[in-house]
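See structure below.
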Amino acid sequence: MVAAVLSIAAIGFGVAFGANEIKERERLSMLRSEARRYGIEIMSQTLNGNLMGSVAVLGLLDEEIKQETQGRGQPNGPRLQGMLESVARAYDAHGVFLVGQDGVVQSSWDSSGKPSTGIDVRFRPYYQMVMQRKENVYAAVSMARGDRSLYFAAPVLAGRTRDGAAVGGVVARTDLSRIDGLLRDKSDITLLLSPQGVVFAGNRGDWIGFLAERPTPERLAAIRDLKQFGSLFEINEPSILPVSVGEERAWFDGRRYALANARVQWNDPFGDWTLVLMEDLSRTVPRGGSALVGGGAALAAGILLLTLLNMLRSRHAQQVSARQVTALAQAQRLAAERKALLAGTALRLQQARGAAELADAFLRESHTLLGTLQGLVYVGADDAGAMMRLAAGYATGAGVSPEIRPGEGLLGQCAVDRRMRVVAMPADDTWVIRSGLGDTRPRAVVMAPILLNESLLGVVEVALLDIPDGGITQQFEDMVRILALNLELVRRHERGGDTSPSVETP
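Residues in the sequence shown are numbered consecutively from 1, following full-length UniProt numbering.
So, in structure tokens, the structure goes:
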């Protein structure tokens, strides 16, 4: 009898322990998938984000920037100051500046009102990477202010193609608020570690500046010489994390945690950054539930069945997570392709002479990139915007009005509302696009105002074969912004004035 009781107890203990181990491994596997997905999300907000795309386009296309970084321009001219401020305010950056070929800051704009012009940044890794024609995100602690910052750096290239020599860099500086927001609710404990093992961000503010492991004197000296982390390690000995981030599971503060790591590739010359997620297993895999599993041999079959079902659900969840990661990576690839196409569009629009040629080039680009079937561009006849005249049309008939006023019809109302409108066309609509191949009914009409610093320059209307998704709509908005900038340049050129657009603080 005693032997039977002991056998049942042993079976119950073994089943409970095994069930707990299986559940913990399932949670660990899912945590790894989440870490990879969140790592890609961080990259999508930084290295592959809109701010990086903006500074990269400036370094590739703007001739005045190319001249200034090579020492052939006057720093802090009104056009470049306005352009740098516009980029900074559009993406909540605290500063944007140009670094010359010699590593000295040229034109700069800073929200504090203190320009960085004249500062030598040759020792900064972000400058060294852009001179190798590599876009990069560099994180550092300010020596003067002590705050954490991200530097988005892109090379200034001598030519208009990406294989040109690097002659300087365009750099934007932001705080860590967006990264801190991304990490805040991802897991019980979330940390972002530098290649040197320094905690730079996370949802445990008291761990900022901790090291993942105790450094050797040589390693600590190298970290201090780098000056990347300000005065964190100048005087005091560094604090060490209370858990080993290289383990799969660890105890901390009386609780058992699962740990998962993922790489964050910022093109840092010292290596990849590391995202660490820690999940409290006492919350997600309570031991009390596993203890009940060992209640008796009669429940063993049911427990094993439940474990099998949990494994199947976990596998399904992992497959869903893997598909999400793949879809996110695909979205990043498409975003990069769209940025490249927009850069080409910007280059071709810059070559247009006159408003009519510019509007015609825009409609042809819209047809090529977005598949628009018809299009119209009206441009303001004067600065007051009381009358807009037809500048160009694509695949339109003879009945198109040569001019419109704000508030006249849907397109005129679009100019008054100053926001883009997508109108879905009913299947039996009488609007037909005629060609030598037959008749085509558009599925959607997109109307957008041409705005620059809240100034109305004109309106655009295009017809599409299908209702546009979010990606097509965003790409069209980006093209209209490029049209607005070039239209202002053309208008100023035709008036014989300064060809630089006036950029005002929004």
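The beta carbon of each residue, even a glycine, is placed where N, CA and C say it ideally should be.
Handout entry: Euclidean distance between Cα positions of R162 and R338
Key = 16 Å
Problem - Same chain only: Cβ atoms within 7 Å of V377, ignoring 5 sequence neighbours per side - result: A359, F362, L363, A391, A392, G458 and V460
Handout entry: Within the stretch 344-415, ranges of the alpha helix (DSSP H) (whole runs, at least 4 residues)
Key = 355-370
Handout entry: Where P217 sits in the DSSP three-state scheme
Key = helix
Practice task
Express the C-alpha separation of R287 and L281 in angstroms, rounding to a whole number.
Solution key: 9 Å
Exercise for the section: Measure how close the beta-carbons of L183 and A35 come, nearest whole angstrom, since I'm counting them as under 8 Å. Expected result: With 8 Å as the limit, L183 and A35 do not qualify as a contact, their Cβ atoms being about 11 Å apart.
Problem - Beta-carbon gap between M30 and S231 smaller than 8 Å - result: no
Practice task
Helix, strand or coil for M420, going by three-state DSSP, please let me know.
Solution key: coil
Problem - Ranges of the beta strand (DSSP E) found wholly within the stretch 301-325, counting only runs of at least 3 - result: none
Handout entry: Span of the alpha helix (DSSP H), counted from its first residue to its last, around S86
Key = P78 to A90
Practice task
Write down the C-beta distance between G414 and R421 rounded to the nearest angstrom, noting that I regard them as a contact closer than 8 Å.
Solution key: In the sequence under discussion, the amino acid at residue 414 is Cys, which differs from the Gly named in the question. With a Cβ gap of about 5 Å, C414 and R421 count as contacting.
Practice task
Whole angstroms is fine: what's the gap from E85's alpha carbon to G39's?
Solution key: 30 Å
Handout entry: L312 to L306 span [Cα, whole Å]
Key = 10 Å
Exercise for the section: Go through the stretch 121-185 residue by residue and report every complete run of the beta strand (DSSP E) that reaches 3 residues or more, in order. Expected result: 136-141, 148-157 and 166-175
Practice task
In angstroms with no decimal places, state the Cα-to-Cα distance between Q70 and M425.
Solution key: 53 Å
Handout entry: Beta-carbon proximity of V416 to I450, cut-off 8 Å
Key = no
Practice task
With distances taken Cα to Cα, identify the nearest neighbour of L28 among S314, D272, G95 and E365.
Solution key: S314
Exercise for the section: Could you spell out the range, first to last residue, of the beta strand (DSSP E) harbouring S108? Expected result: V105 to D110
Practice task
Tell me, please, which residues DSSP counts as bridged to R263.
Solution key: T274
Practice task
Please list the segments of the alpha helix (DSSP H) lying wholly inside the stretch 44-73, counting only runs of 4 or more residues, in order along the chain.
Solution key: 50-61 and 63-69
Exercise for the section: Within the same chain, show all residues whose beta-carbon is closer than 8 Å to that of N310, passing over the 5 residues directly before and after it, in chain order. Expected result: I22, K23 and E26
Problem - R249: first and last residue of the uninterrupted beta strand (DSSP E) it sits in - result: R249 to F252
Problem - Counted within 10 angstroms of its Cβ, other Cβ atoms place S435 as buried (16 or more) or exposed - result: At S435 the pLDDT is 38, less than 50, meaning the model places this residue with poor confidence; the figure from the coordinates comes in the next sentence. Answer is exposed; the Cβ neighbour count stays below 16.
Practice task
Assuming R32 and Q324 form a contact by the criterion Cβ under 8 Å, report the distance between their Cβ atoms to the nearest whole angstrom.
Solution key: The Cβ separation is near 14 Å, so there is no contact.
Handout entry: Chain-order list of residues whose beta-carbon lies under 6 Å from that of L341 (same chain, five-residue window excluded)
Key = L369
Problem - In DSSP terms, what D280 is bridged to - result: Y257
Practice task
Label A88 either buried or exposed according to how many other C-beta atoms from any shown protein chain fall within 10 Å of its C-beta, with 16 as the threshold for buried.
Solution key: buried
Problem - C-beta contact flag for R389 and A398 at 8 Å - result: no
Practice task
Ignore the nearest five residues each way along the sequence and tell me which others in M43's own chain have a CB closer than 8 Å to its CB.
Solution key: V264, Q265, W266 and Q332
Practice task
Run the CB neighbour count on D62, radius 10 Å, all protein chains shown included, and call it buried at 16 or more, exposed below.
Solution key: buried
Exercise for the section: Enumerate in chain order the residues of its own chain whose CB-to-CB distance from residue 512 is below 7 Å, with the five nearest sequence positions on each side excluded. Expected result: No answer is possible for residue 512: the residues shown for the chain start at 1 and end at 506.
Practice task
Spell out the partners DSSP gives P449 in its beta bridges.
Solution key: V459
Problem - Chain-order list of residues whose beta-carbon lies under 8 Å from that of R160 (same chain, five-residue window excluded) - result: L60, L61 and L347
Problem - Cut-off 6 Å between Cβ atoms - residues of its own chain near V96, not counting five sequence neighbours on either side - result: L84, V87, A88, W109 and A172
Exercise for the section: Quick one: give me the first and last residue of the beta strand (DSSP E) that L98 is part of. Expected result: G95 to V99
Practice task
Using a threshold of 8 Å, state whether the C-beta atoms of V130 and K66 are closer than that.
Solution key: no
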